[in-house]
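Visitor: Listed in order, the protein sequences are those of chains A and B.
Here the first sequence is numbered in this note's numbering, starting from 144 and rising by one per residue.
Here the second sequence is numbered in this note's numbering, starting from 17 and rising by one per residue.
Using N, Cα and C, we set each Cβ at its ideal position, and we do this for glycine too.
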Amino acid sequence: MDNLQSGDLTIEVADAPDAVFRCTWKGKSNERNPSETLKPWFEALLAAVAAKQGTVEMHFEKIEHFNSSTITALIRLIQICRKSNIKLVMIYDQTLKWQRLSFDALRVFEKNDDLFHLRFA
Amino acid sequence: MSDANDDFGFSIDMTVRNEWRNVDLLRTSVQNCFTAVFADVDGCHAIAMVTGELLENALKYGDWVSGDRAMFRLRVNGSANHIVEVSVQNPLKDRDNASNLMKAIDEINSYPKPEQAYRARMLQIAQSEEEAAPSRLGLVRIAFEGNCRLAATIENGTVTVTAALDLTQSA
């Protein structure tokens, strides 16, 4: 699985032996329509994850900023992972207030199905 | 930036070229400027986020074909009591656009807490199948993460959206 490099955003993906796909977001997600690049990359990622019956960890601790359109793309990713029965964990830096606010709000999508979790570093 | 009558007074008022890359240039500039004024790093990030989201909305929904591009303005004002107003003015596209904006702001302000408006909007997005439809999450993010009160005015073919941040309270 290739890294994503689009504008000011980089997502580095590392495929661990235990089939945990660790994706580290760096830089800024500030494109007008980030879904144009994120959606196809997510689709390729989830295909690779499914092939290995793996799980996904999205690490946001190092990202500087993302716009609301990126949050929309993340909400759609949560939905797709749940429909595909792929476990997704989002990890953020709770010492940063903006990250705490953005990600704590996503807890509305946590259910008892163990398919989506939020964790802070 | 200019000094006002109080210790922490400041004012930014500038015309902006309608290019997408200017959103991040101004967002980071505002963040850096306010970091020089306030010790509150989280507050500075909130002001910058609000600035970025308002500029993005203006570029997405403004009239950049027949509208007067000189009407694209960013204003940021603050005072010692830590109320910061960020406003963005842009040429109005059409009445539907203005109506949708006013409805969106009225809906956000109708919730007792902006957090409730934000969660409701996120759930709507999750239930929507329309990928191409605008998510319109920006305004409600401003209200929630920026701890802002939103208002909009329409005058002489322009729309001005103002977000008032109360940095004395945590969101």
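Would B/S151 pass as an interface residue toward chain A - the criterion being a Cβ-Cβ separation below 9 Å?
Guide: Within the second sequence, residue 151 of chain B is the residue found at index 135, counting from 1. Closer than 9 Å: yes.
Visitor: Quick one: what's A/M233 bridged to in DSSP?
Guide: The sequence position of residue 233 of chain A within the first sequence is 90, counting from 1. Answer is A/M201, A/L261, bridged to A/M233.
Visitor: Using a beta-carbon distance cut-off of less than 8 Å, what residues from the region 199-223 of chain A approach chain B?
Guide: Cβ contacts with chain B come from H208, N210, S211, S212, I214, T215, I218, R219, I221, Q222.
Visitor: Kindly identify the DSSP beta-bridge partner or partners of B/H61.
Guide: Position 45 of the second sequence holds residue 61 of chain B. Paired residue(s): none; B/H61 is not in a bridge.
Visitor: Would you mind telling me which residues of chain A sit closer than 8 Å to B/G78, beta carbon to beta carbon, in chain order?
Guide: If you number the second sequence from 1, residue 78 of chain B lands on position 62. Here the premise fails: no neighbours, minimum Cβ distance about 13 Å.
Visitor: Does chain A have any CB closer than 9 Å to the CB of B/R157?
Guide: Taking the second sequence and counting its residues from 1, the one referred to as residue 157 of chain B is at position 141. The beta carbon of B/R157 sits closer than 9 Å to some beta carbon of chain A.
Visitor: So the candidates are B/F50, B/S95, B/A168; which of them puts its Cα closest to the Cα of B/E123?
Guide: The residue you call residue 123 of chain B lines up with position 107 of the second sequence. Of the candidates B/F50, B/S95, B/A168, the one whose C-alpha sits nearest the C-alpha of B/E123 is B/A168.
Visitor: Taking Cβ-Cβ distances below 9 Å as the criterion, which residues of the region 233-250 of chain A are in contact with chain B?
Guide: L239, K240, W241, L244, S245, A248, L249
Visitor: Let's see if you can read the secondary structure: which residues bound the beta strand (DSSP E) around A/P177?
Guide: Here residue 177 of chain A refers to the residue found at position 34 when the first sequence is read from its first residue. Counting along the chain, A/P177 sits inside no beta strand (DSSP E), nor does DSSP assign it H or E at all.
Visitor: Mind reading off the beta-carbon distance from B/T178 to B/S103? Whole number of angstroms is fine, and I expect it under 8 Å.
Guide: Working through the second sequence from its first residue, we reach residue 178 of chain B at position 162. Working through the second sequence from its first residue, we reach residue 103 of chain B at position 87. A Cβ-Cβ distance of about 4 Å is found for the pair B/T178 and B/S103, placing them in contact under the 8 Å criterion.
Visitor: Would you say B/I141 reaches chain A, if we count a Cβ-Cβ gap shorter than 9 Å as a contact?
Guide: By 1-based counting over the second sequence, the position of residue 141 of chain B is 125. Cβ-Cβ to chain A under 9 Å: yes for B/I141.
Visitor: Kindly list, in the order they appear in chain B, the residues whose Cβ is closer than 7 Å to that of A/R262.
Guide: Against the first sequence, residue 262 of chain A aligns to sequence position 119. Neighbours of A/R262 on chain B: none; closest Cβ ~19 Å, over 7 Å.
Visitor: Of the residues B/A120, B/A159, B/I28, which one's Cα is nearest the Cα of B/P150?
Guide: One-based indexing of the second sequence puts residue 150 of chain B at position 134. Among B/A120, B/A159, B/I28, the Cα nearest to that of B/P150 belongs to B/A120.
Visitor: So, under 8 Å CB-CB, A/S245 and B/E161 are touching, yes? Tell me the CB distance rounded to an integer number of Å.
Guide: The count along the first sequence starts at 1 and reaches residue 245 of chain A at position 102. The count along the second sequence starts at 1 and reaches residue 161 of chain B at position 145. Confirmed, Cβ separation roughly 7 Å.
Visitor: Just the Cα atoms here: how many angstroms apart are B/G94 and B/F26?
Guide: Here residue 94 of chain B refers to the residue found at position 78 of the second sequence. Here residue 26 of chain B refers to the residue found at position 10 of the second sequence. Roughly 6 Å separates the two Cα atoms.
Visitor: Looking at the unbroken beta strand (DSSP E) that takes in B/L166, where does it start and where does it end?
Guide: Walking along the second sequence from the start, residue 166 of chain B turns up at place 150. Run containing B/L166: 164-171, per the beta strand (DSSP E) assignment.
Visitor: Roughly how far, in whole angstroms, is the beta-carbon of A/L261 from the beta-carbon of A/R243, given that I think they are within contact range, below 8 Å?
Guide: To locate residue 261 of chain A, count along the first sequence from 1; it is residue 118. To locate residue 243 of chain A, count along the first sequence from 1; it is residue 100. So it is not a contact: roughly 10 Å between Cβ atoms.
Visitor: Which residues in chain B have a C-beta closer than 7 Å to the C-beta of A/N173? List them in chain order.
Guide: As a working mapping, residue 173 of chain A is identified with position 30 in the first sequence. Those are V39, D40, listed as they occur along chain B.
Visitor: Less than 8 Å between the CB atoms is what I'm expecting for A/A162 and A/T198, so what's the real figure, rounded?
Guide: Numbered from its first residue, the first sequence carries residue 162 of chain A at position 19. Numbered from its first residue, the first sequence carries residue 198 of chain A at position 55. Right, their Cβ atoms sit about 7 Å apart.
Visitor: Answer with yes or no whether the minimum CB distance from B/M65 to chain A is below 9 Å.
Guide: Locating residue 65 of chain B in the second sequence gives position 49, where the first residue counts as 1. B/M65 counts as touching chain A.
Visitor: Using 8 Å for Cβ pairs, my map puts A/L189 next to A/I223. What's the rounded Cβ distance?
Guide: Start at 1 with the first residue of the first sequence, and residue 189 of chain A comes out as number 46. Start at 1 with the first residue of the first sequence, and residue 223 of chain A comes out as number 80. Sure, about 7 Å apart at Cβ, within 8 Å.
Visitor: Residues of chain B with CB under 9 Å from A/F252, in chain order?
Guide: Counted from its first residue, the first sequence places residue 252 of chain A at position 109. By Cβ distance, chain B contributes M138, L139, A142.
Visitor: Counting only beta-carbon separations shorter than 9 Å, does A/D151 have a partner in chain B?
Guide: Within the first sequence, residue 151 of chain A is the residue found at index 8, counting from 1. So yes, A/D151 belongs to the interface.
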